[in-house]
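Chains V and A supply the protein sequences, listed in that same order.
Be aware that the first sequence starts at 0, since it is given in numbering that gives the first Met the number 0, and climbs by one per residue.
Be aware that the second sequence starts at 0, since it is given in numbering that gives the first Met the number 0, and climbs by one per residue.
Cβ atoms here follow ideal geometry from the backbone N, Cα and C, with glycine treated the same way.
One structure is given here, and the rest of the page talks about it.
Number of protein chains: 2
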Amino acid sequence: MATIYDVARRAEVSVATVSRVLNGGSVDPVLAERVTKAVAALRYRPNLVARSLRTQRTRLWAVIISDVRNPFFTDMVRGIEDVASAEGYSVVLCNSDEDEAKEADYVDVALAERMAGVILSPSSYRAAHVNSLASAGCPVVLVDRELDGVRADAVLADNEQGAHIATKHLVEQGFERIACVTGPEEYSTAAQRLSGYRTALTEAGRDADETLVRFADFREPGGHAAMQSLLDGPKRPDAVFVANNLMTIGVLRCLTERRLSVPGDVGVVGFDELPWAELVRPTITTVGQPTYEEGRVAAEALVRRIKNPNAEPTRTVLPTHLHVRESSVRGR
Amino acid sequence: MATIYDVARRAEVSVATVSRVLNGGSVDPVLAERVTKAVAALRYRPNLVARSLRTQRTRLWAVIISDVRNPFFTDMVRGIEDVASAEGYSVVLCNSDEDEAKEADYVDVALAERMAGVILSPSSYRAAHVNSLASAGCPVVLVDRELDGVRADAVLADNEQGAHIATKHLVEQGFERIACVTGPEEYSTAAQRLSGYRTALTEAGRDADETLVRFADFREPGGHAAMQSLLDGPKRPDAVFVANNLMTIGVLRCLTERRLSVPGDVGVVGFDELPWAELVRPTITTVGQPTYEEGRVAAEALVRRIKNPNAEPTRTVLPTHLHVRESSVRGR
DNA sequence: TTGTAGGCGTTATCAG
DNA sequence: CTGATAACGCCTACAA
Numbered sequence: 000m001a002t003i004y005d006v007a008r009r010a011e012v013s014v015a016t017v018s019r020v021l022n023g024g025s026v027d028p029v030l031a032e033r034v035t036k037a038v039a040a041l042r043y044r045p046n047l048v049a050r051s052l053r054t055q056r057t058r059l060w061a062v063i064i065s066d067v068r069n070p071f072f073t074d075m076v077r078g079i080e081d082v083a084s085a086e087g088y089s090v091v092l093c094n095s096d097e098d099e100a101k102e103a104d105y106v107d108v109a110l111a112e113r114m115a116g117v118i119l120s121p122s123s124y125r126a127a128h129v130n131s132l133a134s135a136g137c138p139v140v141l142v143d144r145e146l147d148g149v150r151a152d153a154v155l156a157d158n159e160q161g162a163h164i165a166t167k168h169l170v171e172q173g174f175e176r177i178a179c180v181t182g183p184e185e186y187s188t189a190a191q192r193l194s195g196y197r198t199a200l201t202e203a204g205r206d207a208d209e210t211l212v213r214f215a216d217f218r219e220p221g222g223h224a225a226m227q228s229l230l231d232g233p234k235r236p237d238a239v240f241v242a243n244n245l246m247t248i249g250v251l252r253c254l255t256e257r258r259l260s261v262p263g264d265v266g267v268v269g270f271d272e273l274p275w276a277e278l279v280r281p282t283i284t285t286v287g288q289p290t291y292e293e294g295r296v297a298a299e300a301l302v303r304r305i306k307n308p309n310a311e312p313t314r315t316v317l318p319t320h321l322h323v324r325e326s327s328v329r330g331r
Numbered sequence: 000m001a002t003i004y005d006v007a008r009r010a011e012v013s014v015a016t017v018s019r020v021l022n023g024g025s026v027d028p029v030l031a032e033r034v035t036k037a038v039a040a041l042r043y044r045p046n047l048v049a050r051s052l053r054t055q056r057t058r059l060w061a062v063i064i065s066d067v068r069n070p071f072f073t074d075m076v077r078g079i080e081d082v083a084s085a086e087g088y089s090v091v092l093c094n095s096d097e098d099e100a101k102e103a104d105y106v107d108v109a110l111a112e113r114m115a116g117v118i119l120s121p122s123s124y125r126a127a128h129v130n131s132l133a134s135a136g137c138p139v140v141l142v143d144r145e146l147d148g149v150r151a152d153a154v155l156a157d158n159e160q161g162a163h164i165a166t167k168h169l170v171e172q173g174f175e176r177i178a179c180v181t182g183p184e185e186y187s188t189a190a191q192r193l194s195g196y197r198t199a200l201t202e203a204g205r206d207a208d209e210t211l212v213r214f215a216d217f218r219e220p221g222g223h224a225a226m227q228s229l230l231d232g233p234k235r236p237d238a239v240f241v242a243n244n245l246m247t248i249g250v251l252r253c254l255t256e257r258r259l260s261v262p263g264d265v266g267v268v269g270f271d272e273l274p275w276a277e278l279v280r281p282t283i284t285t286v287g288q289p290t291y292e293e294g295r296v297a298a299e300a301l302v303r304r305i306k307n308p309n310a311e312p313t314r315t316v317l318p319t320h321l322h323v324r325e326s327s328v329r330g331r
């Protein structure tokens, strides 16, 4: 592969001049022309590795998400990519697969490769990885989930409000025993969504009944198991609020297996949109969050953080919306 | 951030010794111990940028896929990641979004960052990008789609056979006017699947009727439009073979809108599994390909290619399987 | 086994 | 405006 020296030789100028035409310094048009020709002729591409070493910075962002197969995250990535490319960064997508060890590996790579910044949806409720990024001076933005005791920018959906409107809607539809399947207690999203559910029940003058709450893992099999446990429990629910999309799928699969009708036997409201929702029968009522927007806002926060490492961390909360569909509407 | 010199100073050894304990040269246990301690104390991480510049190679693979939101590709990525991490590589996932320009950008980044290799599912039927990788000496493996006139390793599903069994199945179910919605004519997958469809019809003693064939774009809206066009065409199909998962969704949406029943009015077989297939009613008959396996095999091919750049290119074809479900079965 | 020093390809400083 | 040259952090002959 051609180096800057090859170009310089061919254009009969110094490497400094080549570098200037490449990076926009002021140079005589005649020489510039010669350089441009030589670059084309040699198919020269600046070695970004060398450039990064010299300039002590890269144009790469690591986006570490907890599940590439969850459309929620991939939609978000689109928002990130659009901002990144507008700002001249390339996005490196890393899939931690809800696995703390994989997340740690990717954080290490981001640090070792001296990436310009990291957008992280934590697969761990512990602050260790974020702290190692922060202490190395690597700009980080948290997205989707926030972590206790971490001073970092965060972009989140209004989980509490979303869960609140979802549960209130089920109350208004006349459901009596409304259950909740949420995620691991330690995750902010799980806790906030549970909290919104409880508040809505309290406001409706009902006692929150802990036998109707299950903590699962935000994944499909977990949702399935939680629903089974609810159906086999002491108090059989007639409706359920499920705190994310994948678990909603598991819940629906369980109900199908048991030949329970939705919403006749059990009403369902899920958090997050379902992919290809229009093909699922019955259609599912969901709390939608602005996923693309979350990605965009997170990326913009990262841009600001890179420009100004010492600014006060920001916390952006985006609104959610209830999409009422068939799965939660009685008597039609 | 600490450098190797800081570690050397603290451990009271030379940088060469530090480098040796880091990379496994032979060094006195006492010194090694001191180095290890210093590394920990300083939270030293080797600068991969510097290392790459010096060694002229990186431990990064670029995986450029044409659609992050298509579960087919994300499943494949899992297979790639597993092999990569076992071999000590990190995977950089790049989403070209079926956009030739984005693909070109990512190819440029991979080249400029001097990545160790690229796995590419082309978003272009032209060989330009693969050729620029090849001529720069960057190992490439094609996956899912192959390109005319390109000498590179390729890992593919047996598209022709898959389309053949799908169409034969529809014939056997007694469908009379079997249509085909395939992808852009220039893509090998689209052409091969169309070919399998035609062969099956010929074998059944039927004339291939070109008014029953549509070339769409492998995306959902394209499938929807193609189905509309078929329904409004001169010869209304009573069954359709759809050449990928996203277009199948579009086809189903169209049929739902027109209030046509599946399989009563129109039988459907799709290529690729549908995500969360069990929630879709009716359940959809599909030709499944071993997606995880495809990723694994492609990654192994890349490993071999890196070790032996001059070997003869390989072409691996993996079998497909027909999963018969409700959408194609008449009279039950 | 250990240390010294050169160079990977760039950019940036400093004279000219 | 241009060119020579010194870093950036690391690895690896080569010499000790």
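Where residue i falls: helix, strand or coil (DSSP)
i	result
Leu141 (chain V)	strand
Ala162 (chain A)	helix
Leu259 (chain V)	coil
Ala61 (chain A)	strand
Asp152 (chain V)	strand
Ser89 (chain V)	strand
Ala115 (chain V)	coil
Ala238 (chain A)	strand
Leu278 (chain A)	helix
Arg329 (chain V)	coil
Phe72 (chain V)	helix
Asn46 (chain V)	coil
Thr315 (chain A)	strand
Burial state of residue i, where buried means 16 or more other Cβ atoms lie within 10 Å
i	result
Asn243 (chain V)	buried
Pro233 (chain V)	exposed
Thr247 (chain V)	buried
Glu311 (chain V)	exposed
Glu171 (chain V)	exposed
Arg331 (chain A)	Low local confidence applies: a pLDDT of 49 at Arg331 (chain A) is under 50, so the model's placement there is unreliable, and no value is given.
Ser134 (chain V)	exposed
Ala40 (chain V)	exposed
Asn22 (chain A)	exposed
Arg42 (chain A)	exposed
Asp206 (chain A)	exposed
Pro274 (chain V)	buried
Ser25 (chain A)	exposed
Gln288 (chain A)	buried
Ala151 (chain V)	buried
Asp66 (chain V)	buried
Sub-9 Å separation of residue i and residue j beta-carbons
i	j	result
Val154 (chain A)	Ala225 (chain A)	no
Ala165 (chain A)	Phe240 (chain A)	yes
Ala111 (chain A)	Arg44 (chain V)	yes
Gln160 (chain V)	Thr315 (chain V)	no
Ile64 (chain V)	Arg295 (chain V)	no
Leu169 (chain A)	Leu251 (chain V)	no
Ala297 (chain V)	Met75 (chain V)	yes
Ser326 (chain V)	Val286 (chain V)	no
Phe217 (chain V)	Tyr196 (chain V)	no
Tyr105 (chain V)	Ser95 (chain V)	yes
Val48 (chain A)	Arg68 (chain V)	no
Val38 (chain V)	Val6 (chain V)	yes
Pro236 (chain V)	Ala178 (chain V)	yes
Ser120 (chain V)	Asp98 (chain V)	no
Leu229 (chain A)	Leu259 (chain A)	no
Val82 (chain A)	Glu299 (chain A)	yes
Val117 (chain V)	Leu301 (chain V)	yes
Distance between beta carbons of residue j and residue i, contact taken as under 8 Å
i	j	result
Ala156 (chain V)	Leu317 (chain V)	5 Å
Thr188 (chain A)	Asp143 (chain A)	7 Å
If you measure beta-carbon to beta-carbon, which residues of the region 91-108 of chain V are closer than 9 Å to chain A?
-> Val91, Leu92, Cys93, Asn94, Asp96, Lys101, Asp104, Tyr105, Asp107, Val108
Mind listing which residues of the region 112-136 of chain V have their C-beta closer than 9 Å to chain A's C-betas, in chain order?
-> Glu112, Arg113, Ser131, Ser134, Ala135, Gly136
The region 269-298 of chain V: which residues have C-beta closer than 7 Å to a C-beta of chain A, in chain order?
-> Pro274, Trp275, Glu277, Leu278, Val279, Arg280
Report the residues of the region 69-80 of chain A with a CB closer than 7 Å to any CB of chain V, ordered along the chain.
-> Pro70, Thr73, Val76, Glu80
Contact list for the region 243-262 of chain A against chain V, Cβ threshold 8 Å = Ile248, Leu251, Arg252, Thr255
Just by C-beta distance, which residues in the region 28-49 of chain V are closer than 9 Å to chain A?
-> Hits within the stretch, in order: Arg42, Arg44, Pro45, Asn46, Leu47, Val48, Ala49.
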